[in-house]
Amino acid sequence: RIAALPPGGPSSGLPMLPDAATWMLPDLELVRAGAIGADRLHPLVATALAPGRRPVPAAPPRAWDPAAGPRIVDCRGARHRIGLVDGALAALDHDPAETRREELLAALTGTPLPCFQAIDEAHRRPECLPDIRERLNHGDTAGALAVVESLLGPAARLRDGALRDDLEAAARRRIAHGMFRAGLDEPPAGRVPDRHRPRQGRSRPRHATFD
Numbered sequence: 001r002i003a004a005l006p007p008g009g010p011s012s013g014l015p016m017l018p019d020a021a022t023w024m025l026p027d028l029e030l031v032r033a034g035a036i037g038a039d040r041l042h043p044l045v046a047t048a049l050a051p052g053r054r055p056v057p058a059a060p061p062r063a064w065d066p067a068a069g070p071r072i073v074d075c076r077g078a079r080h081r082i083g084l085v086d087g088a089l090a091a092l093d094h095d096p097a098e099t100r101r102e103e104l105l106a107a108l109t110g111t112p113l114p115c116f117q118a119i120d121e122a123h124r125r126p127e128c129l130p131d132i133r134e135r136l137n138h139g140d141t142a143g144a145l146a147v148v149e150s151l152l153g154p155a156a157r158l159r160d161g162a163l164r165d166d167l168e169a170a171a172r173r174r175i176a177h178g179m180f181r182a183g184l185d186e187p188p189a190g191r192v193p194d195r196h197r198p199r200q201g202r203s204r205p206r207h208a209t210f211d
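Take the sequence shown: its letters are residues 1 to 211, numbered as in UniProt numbering.
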């Protein structure tokens, strides 16, 4: 409890507190007044002032939409743009000579400029990859390819990475499903089927009718 000092001056029997210890924390005062919620405080401050508060998960970053305009990238202290040029994603603020040099540097396992790092990341693991995977898992291959084309351009060449792996896996699933529906058995990897050997099991086409 905070109390005033006796009229005779400081008493040796009372503890001395710094002046700041008698202030109410501005954050606490704002929360108690309802001016702000605990979710707007720094996580450490919110934990101290509201121990029972359940943290609100941060919203995922919005994927870049090329239709909304070029993407802005911080590159060497400047704000540069990347966007679609002639059907492919390109660094708009770097000349062709610099682009070729950075592509060669990346091919030699070097670290390119941030603009080219962003382009490479978009080809390998774009921000919209969860949406593309969701479409592929539901059989919407055309929709997934439309998302990829809108992001990278119709003339883009896929690079090694998660995006290419997912698209190739979806293509293999479609091929396997098509062979199954056609009544064909998929041969083991690396093995060529003997077409002169009679098929075992079904002796008639799958959709044959009987009189």
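Where a beta carbon is used, it is the ideal one built from N, C-alpha and C, also for glycine.
Computed from a predicted structure; not experimentally measured.
- In this structure the stretch 138–150 does not lie against the stretch 96–113, because fewer than three pairs of beta carbons, one per stretch, are closer than 8 Å.
- Rounded to the nearest whole angstrom, the CA to CA distance from Pro112 to Pro126 is 18 Å.
- A Cβ-Cβ distance of about 6 Å is found for the pair Ile82 and Pro70, placing them in contact under the 8 Å criterion.
- In this structure, the CA atom of Leu41 is about 30 Å from the CA atom of Arg79.
- Considering only Ala171, Ser150, Arg172, Ala122, the residue with the shortest C-alpha distance to Arg159 is Ala122.
- For the pair Gly183 and Gly87, the CB atoms are not nearer than the 8 Å cut-off.
- Exclusion of the five residues before and after Leu25 leaves Leu49 as the residues of its chain whose Cβ lies within less than 8 Å of its Cβ.
- Closest option to Ala91, judged by alpha-carbon separation, among Val73, Ala144, Gly77, Leu105: Val73.
- By the 16-neighbour rule on beta-carbons within 10 angstroms, Ala107 is exposed.
- Ala156 sits in coil when the DSSP states are folded into three classes, being neither helix nor strand.
- A Cβ-Cβ separation of about 26 Å leaves Arg124 out of contact with Gly77 under the 8 Å criterion.
- Residue ranges of uninterrupted beta strand (DSSP E) with 3 or more members, entirely inside the stretch 82–117 and ordered along the chain, are 88–91.
- Between Ile119 and Leu167, the C-beta spacing is not below 8 Å.
- Here DSSP, grouped into helix, strand and coil, assigns Asp74 to strand.
- Distance from the CA atom of Glu29 to the CA atom of Met16, rounded to whole angstroms, is 24 Å.
- In the three-state reduction of the DSSP assignment, Arg79 falls in the strand class, which pools E and B.
- For a cut-off of 8 Å, the C-beta gap from Pro114 to Cys75 is around 4 Å, short enough to register as a contact.
- Note that the C-beta distance between Val147 and Arg157 is not below 8 Å.
- In the three-state DSSP reduction, Ala35 falls in the coil class, being neither helix nor strand.
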